[in-house]
Each structure stands twice: as C-alpha cells, then as structure tokens.
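Undergrad: Residue 134 in the UniProt record's numbering is what sits at position 134 of the sequence shown, and the numbering runs on without skipping anything.
Beta carbons are placed, not taken as given, at the ideal position from N, Cα and C, and that holds for glycine.
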Amino acid sequence: MPGVNVRNFSIIAHVDHGKSTLADRILEHLGAMGERDKRDQTLDTLELERERGITIKSTPVRLNYTRPNGEQYVFNLIDTPGHVDFGYEVSRSLAACEGVLLLVDASQGVEAQTIVNAYLAIDSGLTIIPVVNKIDLPAADPEGAAQELEEVVGIPAEDAIFASGKTGAGVPEILEAIVERIPPPPGDPQAPLKALIFDSFYDAYQGVILFVRVLEGTVRAKDAVTLFNTGKDFEVDKVGTFTPGLIVSDVLAAGSVGWIAAGIKDIQDAQVGDTVTSREHPTLEPFPGFKPAQPVVFSGLYPTDTEDYRKLREALERLKLNDAAFSFEPETSEALGFGFRCGFLGLLHAEIVQERLEREFDLDLIATAPAVIYRITLTNGEVIVTQNPAEFPTRDRIELVEEPYIKMSVMLPEEHVGPVMQLLQERRGSMVTMNYMGKRVELVYQVPFAEILYDFHDRLKSISRGYASMDYEIIDYREGDLQKVDIYVNGEIVDALAVIVHESKAYSLGRKVVDKMAEVIPRQMWAVPVQAAIGGKIIARATVKAFRKDVLAKCYGGDISRKKKLLSKQKKGKARMKQIGTVEVPQEAFLAVLSTDE
Ligand SMILES: Nc1nc2c(ncn2[C@@H]2O[C@H](COP(=O)(O)OP(=O)(O)OP(=O)(O)O)[C@@H](O)[C@H]2O)c(=O)[nH]1
C-alpha cells in the first residue's frame with residue numbers, strides 16, 4: 001500500500017482561535033520552519049513568476065514526521081480559507097483530507113464557525129481530532145471548552161488534546177494523534193485517474209497550477225488529461241509536491257497531495273471542485289458536488305478619473321486571472337460614466353478586491369452600494385435576473401420579485417439573546433431553531449440576504465459587545481415586496497445611487513440616505529436639494545446648504561465603523577469625488593445606504 005505512511009489533514013477553527021500559530025508550531029516541531037525562505041535556493045522547484053504584488057497563495061505543506069518508535073510518516077497539511085465567503089472552497093479543501101484538527105480557543109469556547117466547520121468535516125466523513133488551544137491563557141477553561149464541543153458537536157470531551165500554539169504544549173500529542181486516529185488515504189494507484197482540484201493559482205510562466213488530491217490512479221508529465229466538468233483537454237507539463245514551495249516530482253499516485261501544471265491559460269477552465277481524469281481511461285464518476293464559482297454580491301466600480309478606465313480594465317483582467325469567483329463586465333452609468341459591474345462571493349471578497357485595486361494597481365475608485373441578485377417576473381410572463389438596481393424595471397411592468405435568502409447561524413452568550421433576536425426581526429428574519437448550549441445560545445434564522453449586506457455584522461457585534469459570531473449560506477429565492485428607491489441630486493436622477501429595498505423600509509431608508517448625503521456632499525455656492533423617490537413620487541428630501549464665506553470646506557465626520565475606516569484609507573488624504581452635473585459627490589455619498597446610524 002503506497003499511502004500507508006501518509007496522513008492528509010487540515011486545521012479548522014473559528015477566526016482567531018489560533019490556527020496559524022499552531023500550524024507554525026507544528027512546522028517548527030517537524031523542522032520545517034524556515035523552509036519558506038529556503039525555497040528560492042532549491043534547484044528543482046518550479047520556476048514561478050515572482051513579480052511584486054503577486055502573492056502566491058499559501059500552499060499545502062508536506063512534512064516528515066518520525067514517531068518516537070522510529071516509524072516514518074509523511075504529513076500533508078492543507079490550508080483552508082478562514083471566512084464565510086469561502087465556504088465552498090473550505091469544503092473542497094476538506095475533501096482532500098482524511099482528518100482535521102478542530103481547534104477551539106480555551107478562553108472563548110465554541111463559536112459559530114467552529115460549528116459550521118465541524119459539520120463540514122463531519123459531512124465529508126473526516127476524522128476529527130478536537131484540540132483545545134491557548135491553554136496558557138489565564139482565562140483558559142480547557143475542560144469547559146472540551147465539554148462544550150461534546151455538547152454542541154458530539155465529539156467526546158475525553159478525546160480532546162489540550163494545547164498551546166504559544167508554548168508548544170500538546171504538540172507532540174497532536175502529532176501522535178494524527179498518526180493514530182486519522183486513517184491513511186485510500187485509493188488504488190492502478191485505477192483510472194481521479195484527482196480533485198481543491199485550489200489553484202495563475203502563474204505567468206506555467207499557466208494555472210492546480211492543487212490536487214489524487215483519489216485514484218496516477219498522473220505524470222506528458223499524460224493527456226481531461227477536466228471532468230468543463231470538458232477541457234490538456235497535456236500535463238509537470239507534477240510535484242509541496243514542502244512548502246513547489247517541488248517537481250515524477251509521479252503523483254493515489255493518496256498524494258500535490259500540484260499539476262498543464263499549460264492551462266484560463267482559471268475558469270480549471271475550477272476548484274472539478275475532477276482531473278485521464279483522457280484515454282477516464283474515471284466513470286467525478287468527485288461529487290462540483291459547483292462552479294458564482295458571485296452573489298455585485299457592485300459597480302468606477303475610476304474617479306475617467307482617464308483611468310483602461311488602467312482599471314487591465315487591473316480587473318489581471319485579478320480575474322487568479323480568481324475564478326470574481327466577475328466583471330463593462331457598465332455605463334449616466335452619473336458615473338464608464339465603469340464595471342463586478343461580482344463577488346461576499347462582502348469580504350468585495351473589500352479584498354477593491355483594496356487590491358487601490359493598493360497594487362494604484363487606482364482611485366468609486367464603488368456603488370453592494371446588491372444581490374433579484375429574480376423578476378414581468379407582467380408579460382418573462383423572467384429576468386438582475387443585480388443592478390439601475391436596471392430594475394418600473395413597477396407597472398413587474399408581476400413579482402424574488403430575492404435570495406440565507407440560513408444564518410449566530411452563536412452568542414444568553415444575556416444578549418433579546419437584542420440579537422430583535423435585530424434579526426428588524427432584518428425580516430424568521431427563526432428556525434434556538435439551541436441552548438450551557439450558557440450560550442445558537443440562533444438559526446432565515447433572513448433575506450440583502451438585509452445583512454449593509455451594516456448587519458457591525459450591529460451584531462456592537463449589540464453583543466463583540467461576543468456574537470455568525471455564519472451563513474444562501475438557501476433559496478423567495479418572493480418579497482421590493483421597491484426601487486431613486487435618488488435625485490440637484491433635481492437630476494443619479495442612476496448609480498438607486499437601491500432596492502423592502503416596502504416596509506423604503507421610507508426610513510430614503511430618509512437615511514438623503515440625510516447622510518446632505519451631510520457628506522460639500523457645500524456649494526447655492527443650496528442643493530437631495531431627494532429620494534419611489535416611482536417618481538418624492539418620499540424624502542434634504543438640502544445641502546449653500547456655504548457662507550467663512551466656511552471653507554465641510555469636514556467629514558469621524559466614524560468608527562469598519563466600512564468608513566476603509567473609506568478613509570484614501571490616498572494622501574485626497575477625498576474621492578465624482579462630478580455629477582454641477583455638484584461634486586464624494587464616495588461616502590454612494591455608500592450612504594451603508595451608514596450605521598439607524
Ligand atoms: N496566549 C495565546 N495566544 C495565542 C495562542 N495561539 C494564538 N494566539 C494568539 O491569538 C491570535 C490569533 O492567532 P492566529 O494564529 O493568527 O489565529 P488564526 O485562527 O490563524 O486566525 P485567522 O487566520 O484570522 O483565522 C494572535 O494574536 C495569536 O498571537 C496560544 O496558544 N496562546
């Protein structure tokens with residue numbers, strides 16, 4: 001059996017429970033620290049582009065472990081992305097493993113992502129090694145955390161290993177548990193090739209590098225392969241493993257975790273979750289559950305300087321090379337000119353992309369408020385799908401509108417349950433279950449996705465004093481009484497400011513947006529009206545006052561919210577403005593709908 005001395009595993013945890021620190025400690029224990037720096041000097045590593053600004057993803061790590069009894073093992077430690085936006089990617093990374101270390105912070109206990117990740121691992125049939133981490137903390141309650149894991153996830157408390165990524169306590173026990181508890185990878189090296197793509201990145205010299213777990217068969221250079229779901233054919237250039245760094249090897253056989261370079265030019269052709277198989281002897285069935293990467297949150301991105309349009313397009317093309325989940329297409333706004341409608345996996349993904357565009361590509365951008373995908377049945381029976389409020393049909397043409405719903409899980413201490421339930425109620429949520437776990441509660445709700453796009457996370461954190469954590473997944477589409485609120489500045493409709501909102505909130509939202517805009521638009525020589533309207537009927541109005549001689553400029557008020565911090569990262573203190581008619585409108589106005597004051 002080739003894989004008998006191999007163990008493939010991953011570490012899963014709630015954010016900040018110490019995943020990276022513990023992984024480093026394990027690497028150090030196995031003498032692999034510093035390998036990351038050494039890889040440039042290794043001769044047989046794959047030659048990759050090392051351009052400024054292109055960060056190669058964190059690769060899996062191949063480690064050698066010698067047991068106290070002298071037996072030799074190879075460990076493949078596979079990294080998983082740590083955020084709700086990337087749930088599908090996490091599930092594919094887990095599918096490449098036979099086991100996981102499930103970390104829980106000894107002072108925090110089980111959190112929302114602990115549960116969600118644990119269920120992902122259970123659903124993938126993985127062995128779970130519970131690890132109570134950070135036991136060195138004065139506030140640590142290791143037994144309590146282990147007990148909580150047993151109650152919530154059903155993992156026996158006595159299986160837990162107590163550890164600290166800081167002191168290294170528990171690391172030897174963890175290494176032994178990996179050998180003893182996690183099974184070796186199954187798979188027949190003689191069978192037709194079946195390899196799961198669990199990650200990938202684009203390199204200018206090699207094309208797309210696939211990170212794969214070989215489930216059946218073998219693959220080597222010159223093999224003719226097919227990607228099962230996209231149906232594309234390629235010839236393998238090179239295969240290899242990780243140390244970290246990409247090491248070229250002759251062959252990858254069943255049980256291995258490694259990489260394949262096959263001159264693939266487009267990352268869309270080689271998506272996470274797809275199966276690599278042999279063209280001549282294809283496997284009968286691909287690895288199940290393939291989902292093409294699909295953006296669910298959309299926003300318009302416009303250069304503040306129209307001259308930068310080409311530069312922005314080149315930057316977007318460059319980002320797209322490495323990100324199958326990111327999409328963009330040209331869009332024109334009467335107010336903002338030429339820009340792009342961009343699609344993301346979630347708000348964090350959107351923020352990451354925007355930040356990279358500004359930092360790595362030195363662009364000044366105006367972003368419009370994020371929106372979800374709506375499904376609209378028109379009175380003539382036609383069904384259209386749009387994520388752009390500016391394209392929303394007029395009310396007389398709409399038969400019904402459906403919007404995406406999520407299933408959300410919130411973990412919190414019981415004393416904050418009241419206010420959090422009230423918040424979920426305000427967001428049109430309906431309760432599915434409420435589970436008590438000791439002093440903590442898990443609330444499961446169904447909520448319209450659009451309702452959490454704006455300030456939900458900030459509000460949840462502030463009303464629970466930071467103790468609540470959340471996770472979600474999109475479940476289905478449901479009918480809703482949704483309306484488009486238009487915004488007028490100085491009597492002109494500004495298409496890029498339109499928002500879709502539930503009927504019950506249209507008035508309060510209109511009020512909030514115009515007030516916020518009147519506050520952030522700099523004073524002009526004359527008074528400027530800002531209005532909100534539904535179907536041409538004005539529902540709210542505010543005025544940007546004319547400035548008096550002694551007032552030089554309007555100051556932007558300080559605000560503590562995360563979103564505004566992001567906005568204030570403007571280069572050289574220059575405010576991003578867009579000329580609309582005779583009025584200069586700052587970026588903040590486009591995100592007025594995101595402002596937290598309710
Ligand atoms: N006292 C103590 N602090 C720790 C320990 N492990 C991690 N920390 C601290 O906890 C914080 C989070 O640690 P990370 O290792 O970055 O956590 P993570 O889970 O990888 O975080 P994400 O990658 O953001 O999910 C850091 O400030 C660490 O210094 C530990 O064993 N003891």
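On the DSSP letters alone, give me the boundaries of the alpha helix (DSSP H) that P130 sits inside.
TA: That residue, P130, is in no alpha helix (DSSP H); its beta strand (DSSP E) goes 127 to 133.
Undergrad: Distance check for A224 and V520, CA to CA, integer angstroms please.
TA: Distance between the alpha carbons of V520 and A224: 59 Å.
Undergrad: Is the beta carbon of P370 less than 8 Å from the beta carbon of F449?
TA: No, they are not a contact pair.
Undergrad: Check each candidate in E331, L77, D323 and name the one with the smallest Cα separation from V353.
TA: Of E331, L77, D323, the residue nearest in Cα terms is D323.
Undergrad: Who's in the neighbourhood of ligand 1, going by beta-carbon under 6 Å from any heavy atom, listed in chain order?
TA: For ligand 1, the selected residues are A13, V15, D16, H17, G18, K19, S20, T21, G82, N133, K134, D136, L137, S164, G165, K166.
Undergrad: Buried or exposed for I197, please, with buried defined as at least 16 other CB atoms from any protein chain shown within 10 angstroms of its CB.
TA: Buried.
Undergrad: DSSP on I155, reduced to helix/strand/coil?
TA: In the structure shown, I155 sits in coil (DSSP, three-state: anything other than H, G, I, E or B).
Undergrad: Going straight from the alpha carbon of A106 to that of T377, what length do you get?
TA: Taking the straight line from one Cα to the other gives about 51 Å.
Undergrad: Can you give the beta carbon distance from I406 to Q387, rounded, assuming they're within the 8 Å contact cut?
TA: At roughly 16 Å, the Cβ-Cβ gap does not stay under 8 Å, so I406 and Q387 are not in contact.
Undergrad: Roughly how many angstroms lie between the CA atoms of P330 and L312, to the nearest whole one?
TA: One C-alpha to the other measures close to 11 Å.
Undergrad: Quick check: the Cα distance between L137 and A518, rounded to an integer number of angstroms?
TA: The straight-line gap from Cα to Cα measures roughly 49 Å.
Undergrad: Alpha carbon to alpha carbon, how far is V90 from L102?
TA: About 13 Å.
Undergrad: In whole angstroms, what separates the C-alpha of G339 from that of R310?
TA: If you take the alpha carbons of G339 and R310, they lie about 10 Å apart.
Undergrad: By how many angstroms is the C-alpha of E314 removed from the C-alpha of K572?
TA: Unreliable placement is indicated for K572, whose pLDDT of 37 sits below 50; no coordinate value is reported for it.
Undergrad: Who are the near neighbours of I135 in its chain, counting only those whose CB is closer than 7 Å to its CB and skipping five residues on each side?
TA: Excluding sequence neighbours, I135 sits near A106, P142, F162, A163, S164, A169.
Undergrad: I'd like to know whether the C-beta atoms of V4 and P184 end up nearer to each other than 8 Å.
TA: In this structure, P184 lies closer than 8 Å to V4 by Cβ.
Undergrad: What is the DSSP secondary structure of K232, counted as helix, strand or coil?
TA: Three-state DSSP puts K232 in coil, outside helix and strand.
Undergrad: Nearest CA to the CA of L284: which residue from P292, K291, T275?
TA: Ranking P292, K291, T275 by Cα distance to L284 puts T275 first.
Undergrad: Mind listing, in chain order, the continuous alpha helix (DSSP H) runs of no fewer than 4 residues lying wholly within the region 407 to 442?
TA: You should have 417 to 426.
Undergrad: Should the region 477 to 487 be regarded as contacting the region 119 to 128, the criterion being three or more beta carbon pairs within less than 8 Å?
TA: No, the region 477 to 487 does not touch the region 119 to 128.
Undergrad: As a quick exercise: from V401, V544, V212, I260, pick the residue whose alpha carbon is nearest that of Y488.
TA: It is V544.
Undergrad: Ordered along the chain, which non-local residues of its own chain (more than five positions away) have a Cβ less than 7 Å from that of L321?
TA: Only Y202, I267 meet the Cβ criterion.
Undergrad: What ranges does the alpha helix (DSSP H) occupy inside the region 490 to 525, keeping only unbroken runs of at least 4 residues that lie completely in it?
TA: Here the runs fully enclosed are 506 to 520.
Undergrad: Pairing CB atoms from the region 494 to 506 with CB atoms from the region 520 to 529, are three or more of them under 8 Å?
TA: Contact fails: fewer than three Cβ-Cβ distances are below 8 Å.
Undergrad: Quick check on the DSSP output: what are the complete beta strand (DSSP E) runs of length 3 or more inside the region 323 to 393, in order along the chain?
TA: Entirely contained in the region 323 to 393, the beta strand (DSSP E) runs reaching 3 residues are, in chain order, 327 to 333, 337 to 344, 365 to 367, 374 to 378, 383 to 386.
Undergrad: Taking the straight line between their C-alpha atoms, what separation do you get for Q531 and G581?
TA: Rounded to the nearest angstrom, the two C-alpha atoms are 15 Å apart.
Undergrad: Can you tell which of P130, H29, L215 has the C-alpha that lies nearest to the C-alpha of A96?
TA: Closest by alpha carbon: L215.
Undergrad: For N117, collect the residues of the same chain with a Cβ closer than 6 Å to its Cβ; drop the 5 residues on either side in sequence, then sort them by chain order.
TA: Cβ within range, chain order: I12.
Undergrad: Leaving out five residues before and five after P413 in sequence, what residues of the same chain have Cβ atoms less than 7 Å from its Cβ?
TA: Excluding sequence neighbours, P413 sits near K439, R440, Y467.
Undergrad: Could you check if W259 is buried or exposed, using at least 16 other CB atoms within 10 Å of its CB as the buried criterion?
TA: W259 is buried by the Cβ-count criterion.
Undergrad: Which residue's Cα is closest to the Cα of F287: L509, L227, V528, M437?
TA: F287 has its Cα closest to that of L227, out of L509, L227, V528, M437.
Undergrad: Which residues in the same chain as G144 place their Cβ atom closer than 7 Å to its Cβ, once the five residues preceding and following it in sequence are excluded?
TA: Result list for G144: G109, in chain order.
Undergrad: If you run the structure through DSSP and keep just helix, strand and coil, what is Y65?
TA: Strand, per DSSP.
Undergrad: Would the beta-carbon of D308 fall within 8 Å of that of L363?
TA: It is a contact, given that the beta carbons lie within the stated cut-off.
Undergrad: Between which two residues does the beta strand (DSSP E) carrying Y467 extend?
TA: Segment: none, Y467 is in no beta strand (DSSP E) and carries neither H nor E.
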